[in-house]
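Engineer: Once you've had a glance at the structure underneath, I'll fire off some questions.
Numbering (the working numbering), first residue to last: 167 to 240.
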């Protein structure tokens with residue numbers, strides 16, 4: 167007997183993390199190139215403003231008890 171199983175396509179999560187210029191890793195690279203001191207709070211604030219509308223991203227600006235949260239399914 168075959169049963170069809172629905173699954174979540176994680177491409178949207180991979181893009182959130184890896185996308186050129188807009189992904190979390192690209193934004194971390196940009197923060198590392200900035201002159202002066204960049205700390206985790208500044209980086210998280212930047213992510214929060216740039217990714218505020220992303221369905222699978224939240225941060226302490228949106229939910230104060232979290233740091234950085236990426237919602238995904240395995």
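Every residue, glycine too, gets a C-beta built ideally from N, C-alpha and C.
Considering only residues of the same chain and omitting the five flanking positions on each side of residue 204, which have a CB-CB separation below 6 Å?
Structural biologist: So the list reads 197, once near-sequence residues are dropped.
Engineer: In this structure, does DSSP put residue 174 in helix, strand or coil?
Structural biologist: coil
Engineer: Give me the Cα-Cα distance between residue 192 and residue 167, rounded to the nearest whole angstrom.
Structural biologist: 45 Å
Engineer: Check whether the Cβ atoms of residue 214 and residue 227 lie closer than 8 Å to each other.
Structural biologist: Cβ atoms of residue 214 and residue 227: closer than 8 Å.
Engineer: Quick one: complete alpha helix (DSSP H) runs, 4+ long, within the region 198 to 229?
Structural biologist: 206 to 216
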